[in-house]
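**Q**
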Amino acid sequence: MAATDVRITAEPIDTQRCKFVLSVPVLAGGVRRFTGADEAKGSPLAEAIFAIPGLGVTELIVSGNIVTVVKQSPAPWQAVGKPVGAAIRTALASDVPPVAVAPQPPGAVNDDALYEQVAQVFEEQVNPMVAKHGGRVELIDVQDAVVMLRMGGGCQGCGMADVTLRQGIEGMLSQLVPAVRGIVDITDHTSGSNPYFQASKK
Amino acid sequence: MLPTTTYRTAAFVEAARQIGVELTVASEKPSALEATSLGGLTTLPLQDPQRAATEAFLFAKTYPIAAVAGVDDDTAIVAAVIAQRLGLKGNPVHAVQAARDKHQQRELLAKAGVPIPRFMLRRLDENPAEISKTVTYPCVVKPLRLSASRGVMRANNAQDFVKAQNRLNAIVCEPEASFLVEEFIPGYEVALEGLVVNRRLHVLAIFDKPDPLDGPFFEETIYLTPSTVPAGLQAAITQCAERAVRALGITEGPVHAELRYNENGPWLIELAARPIGGRCSAVLRFGDQKISLEEIILRHALGMALPPLQRERLAAGVMMIPIPGAGTLQEVRGVAEAKAVPLVEDVQITAHPGERLVPFPEGSRYPGFIFARGETPSAVEAALRAAHRKLSFTLLPPQPPASAAGPNPP
């Protein structure tokens, strides 16, 4: 498929963060997180997005067919979405894989080991508890000690999902896997069809 | 205190993170992870403020509490009772109770000479035909404690009134409950968002409501700020809200007021001791750092330094997406197109597929929100309306009651 045939839909999360959903995957398996242009080297898609003038990209997360961009610029997403889309298409048009597999620098946090520990916490503690609310939490990946997760079932779209994440899961991980530096929730909460708690008050 | 029905969870959790304070979230139902949260989560009987205060007092022996904040009408009362019990900054309990009860509020405002609609208190089990003879029309029928304009109806004549009271009776489902019958005040409606600091009202924003709210129901749609109301009139609106704050005895924290104005000046319609509801606060940003309303509320509760309470230069607006009809939501189309409308920052669909949508006055839950920001309020308003036109909702019609579906089986 030519890069021009790829459909890209921008789904702003807030003024700083926006998900770009592509009709084709750009990274097969796992998640990659970039926090600067230096880390982006070797990944044409990330290089091109960090190079967009005036956008002030601070973070980029690539997972399957989703590219999440975090920017400093106050410009609205409808104004800066097109250059991001163009950068993605340019990267897809090249012969090089748009996103390289993450290198493991010597002495860095062992994400594989962290993954195992976090997966164990999710399997043995988090999921048995959220299952009482019909929910589940799926560990997607660990990148640079940052946990990427996706919520499902009763947690997806739940009015208290942020509380579960920040007051519950984050607290548990800080106790049980203190090497974890952060959590990124990549759930599409708008698609949740059976949230456990639902906002209803004005 | 974040009830499980609030839209404000993410905003308050994020505000606490921004400030860097330890947060305990109290809800009326337990979180799945409460047992492991080490004070980060707790359950309180929010429907019983005194019992909630006792439990909070015991909780605070293990996990000391520095400040308490409610997010809606009910938790504002619980917060006041807990603050009183723990000796923390907060409103007097009688003040938030008066703000919560529409009749008590009107009694106090009338006594203080604040301009409000004429009103009378009636019971739902009284004969509506008899009451209808004593009413001046047009009037508004209003429940005492429901929020988001649920159950609020205009009646232009006795026939309308009887229908409205019967309908309200079905909504409230408490025949002995009281309700308000008040004069309909024609005019332009605005909302005032404020923060009371040591008895002084600081106006954070005045919102225009460009869609007429003339009934028969009072579903809100668009809020725009800054207001285009002339400065002198804005001063009069502010003064009216200040008088209401004093009359109710509110001393600290956020307030949200609804006012109307006409040739006779401003009229106070409602004042609540809580911040703006829904997800509408997302349009408010303050100071150079673009601090959120929730961060200001938490900073104030904690006694931390407040940023300048000056809203950003840009105009901003939110549309509470009108309920598209009665039925079960199947699908919402056009969200990406709506988000692509210039000046639109976000479109949040909060109703989920399979959810039953109930129009006003029985319902009150908006299916979502549209946010926009731009140079002028009129440009923002145009963007909100353009984005709304891109959306289409597919609903399955409501199921008829079993008795209407056909004869009962033998």
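One line per chain: the protein sequences are A and B, in this order. Under the working numbering, the first residue of the first sequence carries the number 1244, and numbering increases by one thereafter. Under the working numbering, the first residue of the second sequence carries the number 7, and numbering increases by one thereafter. Glycine is no exception: its CB is placed at the ideal position from the N, C-alpha and C atoms.
If we call anything under 8 angstroms between Cβ atoms a contact, is M1403 (chain A) one with S384 (chain B)?
**A** Indexing the first sequence from 1 puts residue 1403 (chain A) at position 160. Indexing the second sequence from 1 puts residue 384 (chain B) at position 378. Going by C-beta atoms, M1403 (chain A) is not nearer than 8 angstroms to S384 (chain B).
**Q** Please report whether the beta-carbon of E195 (chain B) lies at a distance below 8 angstroms from any beta-carbon of chain A.
**A** Sequence index remark: in the second sequence, residue 195 (chain B) carries index 189 (1-based). No, because no Cβ of chain A sits closer than 8 angstroms to the Cβ of E195 (chain B).
**Q** Tell me W273 (chain B)'s beta-bridge partners as DSSP assigns them.
**A** Here residue 273 (chain B) is taken as the residue at index 267 of the second sequence, counted from 1. B:R266.
**Q** So which residues of chain A does A346 (chain B) contact, with C-beta pairs closer than 7 angstroms?
**A** By 1-based counting over the second sequence, the position of residue 346 (chain B) is 340. By Cβ distance, chain A contributes Q1321.
**Q** Report yes or no: is there a C-beta of chain A within less than 8 angstroms of the C-beta of G93 (chain B)?
**A** Position 87 of the second sequence holds residue 93 (chain B). So, not an interface residue.
**Q** Would you list, in sequence order, the uninterrupted alpha helix (DSSP H) runs of no fewer than 4 residues that lie entirely inside the stretch 87-174 of chain B?
**A** Correct list: 99-106, 108-117 and 134-138.
**Q** Reducing DSSP to helix, strand and coil, say where Y1358 (chain A) ends up.
**A** Position 115 of the first sequence, counted from the start, is the residue given in the question as residue 1358 (chain A). In this structure, Y1358 (chain A) counts as helix in the three-state DSSP scheme.
**Q** Count Cβ pairs between the stretch 88-95 of chain B and the stretch 141-158 of chain B that sit closer than 8 angstroms; are there 3 or more?
**A** Verdict: no, contact absent.
**Q** When the distance is taken between beta carbons, is L254 (chain B) closer than 8 angstroms to L265 (chain B)?
**A** Mapped onto the second sequence, residue 265 (chain B) falls at position 259. Mapped onto the second sequence, residue 254 (chain B) falls at position 248. No; because the gap between Cβ atoms is not below 8 angstroms, this pair is not in contact.
**Q** Determine the direct distance from the alpha carbon of T140 (chain B) to that of T356 (chain B), and round the result to whole angstroms.
**A** Here residue 356 (chain B) corresponds to residue number 350 of the second sequence, with the count starting at 1. Here residue 140 (chain B) corresponds to residue number 134 of the second sequence, with the count starting at 1. Answer to the nearest angstrom: the Cα atoms are 42 angstroms apart.
**Q** On the criterion of 16 or more Cβ atoms from any shown chain inside 10 Å, does V1380 (chain A) qualify as buried, or is it exposed?
**A** Along the first sequence, one-based indexing puts residue 1380 (chain A) at 137. It is buried - the Cβ of V1380 (chain A) has at least 16 other Cβ atoms within 10 Å.
**Q** Bridge partners for S33 (chain B) per DSSP, in chain order?
**A** As a working note, residue 33 (chain B) is residue 27 in the second sequence. In DSSP, S33 (chain B) forms a bridge with B:T49.
**Q** Based on DSSP bridge pairs, tell me the residues matched to S184 (chain B).
**A** Counting from one through the second sequence, the residue named residue 184 (chain B) turns up at place 178. In DSSP, S184 (chain B) forms a bridge with B:R129.
**Q** For K1284 (chain A), name the three-state secondary structure that DSSP assigns.
**A** Taking the first residue of the first sequence as 1, we reach residue 1284 (chain A) at position 41. Residue state, collapsed to three classes: coil.
**Q** Report yes if the CB atom of V1423 (chain A) is closer than 8 angstroms to the CB atom of L1357 (chain A), and no otherwise.
**A** In the first sequence, counting from the first residue as 1, residue 1423 (chain A) sits at position 180. In the first sequence, counting from the first residue as 1, residue 1357 (chain A) sits at position 114. It is a contact, given that the beta carbons lie within the stated cut-off.
**Q** Is there a Cβ of chain A sitting closer than 8 angstroms to that of G333 (chain B), yes or no?
**A** For the purposes of this step, residue 333 (chain B) is taken as the residue at position 327 of the second sequence. So, not an interface residue.
**Q** From F65 (chain B) to I71 (chain B), what distance separates their C-alpha atoms?
**A** The count along the second sequence starts at 1 and reaches residue 65 (chain B) at position 59. The count along the second sequence starts at 1 and reaches residue 71 (chain B) at position 65. Roughly 9 angstroms between the two C-alpha positions.
**Q** Whose C-alpha, out of A:P1438, A:G1435 and A:R1393, is nearest the C-alpha of I1426 (chain A)?
**A** Counted from its first residue, the first sequence places residue 1426 (chain A) at position 183. It is A:R1393.
**Q** Decide yes or no for the touch test of the stretch 333-345 of chain B against the stretch 380-399 of chain B: beta carbon pairs closer than 8 angstroms, at least 3 of them.
**A** Counting Cβ pairs under 8 angstroms, three or more are found: they touch.
**Q** Over what stretch of residues does the alpha helix (DSSP H) that includes C246 (chain B) continue unbroken?
**A** Here residue 246 (chain B) refers to the residue found at position 240 when the second sequence is read from its first residue. Segment A237 to L254, the alpha helix (DSSP H) holding C246 (chain B).
**Q** Quick test of the definition: if touching needs 3 or more C-beta pairs under 8 angstroms, does the stretch 273-287 of chain B touch the stretch 119-138 of chain B?
**A** Yes: at least three Cβ pairs fall under 8 angstroms.
**Q** Might you give, ordered along the chain, the residues of its own chain that have their beta carbon closer than 7 angstroms to the beta carbon of D131 (chain B), omitting 5 neighbours on each side?
**A** In the second sequence, residue 131 (chain B) corresponds to position 125, counting from 1. Same-chain partners within the cutoff: P181 and E182.
**Q** Tell whether a beta-carbon distance below 8 angstroms holds between T42 (chain B) and M1415 (chain A).
**A** Taking the first residue of the second sequence as position 1, residue 42 (chain B) is located at position 36. Taking the first residue of the first sequence as position 1, residue 1415 (chain A) is located at position 172. Cβ atoms of T42 (chain B) and M1415 (chain A): closer than 8 angstroms.
**Q** With DSSP as the reference, label H208 (chain B) as helix, strand or coil.
**A** Here residue 208 (chain B) refers to the residue found at position 202 when the second sequence is read from its first residue. The answer is strand: DSSP assigns H208 (chain B) an E or B state.
**Q** Alpha carbons only, please: which of A:S1286, A:V1269 and A:G1297 is nearest the one belonging to F1277 (chain A)?
**A** Reading the first sequence from its first residue, position 34 is the one you call residue 1277 (chain A). The candidate whose alpha carbon is nearest that of F1277 (chain A) is A:S1286.
**Q** So what's D1428 (chain A) in DSSP terms, helix, strand or just coil?
**A** For the purposes of this step, residue 1428 (chain A) is taken as residue 185 along the first sequence, with counting starting at 1. Strand, per DSSP.
**Q** Taking the beta strand (DSSP E) that Q354 (chain B) falls in, what are its first and last residues?
**A** To locate residue 354 (chain B), count along the second sequence from 1; it is residue 348. Q354 (chain B) -> beta strand (DSSP E) spans V350 to I355.
**Q** Given N414 (chain B), which residues of its chain have a CB within under 8 angstroms of its CB, disregarding the five upstream and five downstream residues?
**A** Translated into positions along the second sequence, residue 414 (chain B) becomes position 408. Because the pLDDT at N414 (chain B) is just 42, under 50, the model does not fix this residue reliably, and the value given afterwards should be weighed accordingly. No residues qualify anywhere along the chain.
**Q** A32 (chain B) touches chain A at which residues, Cβ-Cβ below 7 angstroms?
**A** Position 26 of the second sequence, counted from the start, is the residue given in the question as residue 32 (chain B). Within 7 angstroms Cβ-Cβ: nothing; A32 (chain B) doesn't reach chain A, min ~10 angstroms.
**Q** Would you mind stating whether V80 (chain B) and G283 (chain B) have Cβ atoms separated by less than 8 angstroms?
**A** Position 74 of the second sequence holds residue 80 (chain B). Position 277 of the second sequence holds residue 283 (chain B). According to the sequence provided, residue 80 (chain B) is Asp. The question's Val does not apply to it. No. Outside cutoff.
**Q** Just tell me which of B:Y194, B:E361 and B:E20 has its CA closest to the CA of N1437 (chain A).
**A** Walking along the first sequence from the start, residue 1437 (chain A) turns up at place 194. Selected option, being the one with the closest Cα: B:E361.
**Q** Of the residues B:A58, B:A82, B:F63 and B:A73, which one's Cα is nearest the Cα of T12 (chain B)?
**A** Mapped onto the second sequence, residue 12 (chain B) falls at position 6. The residue with the shortest Cα to Cα distance from T12 (chain B) is B:A82.
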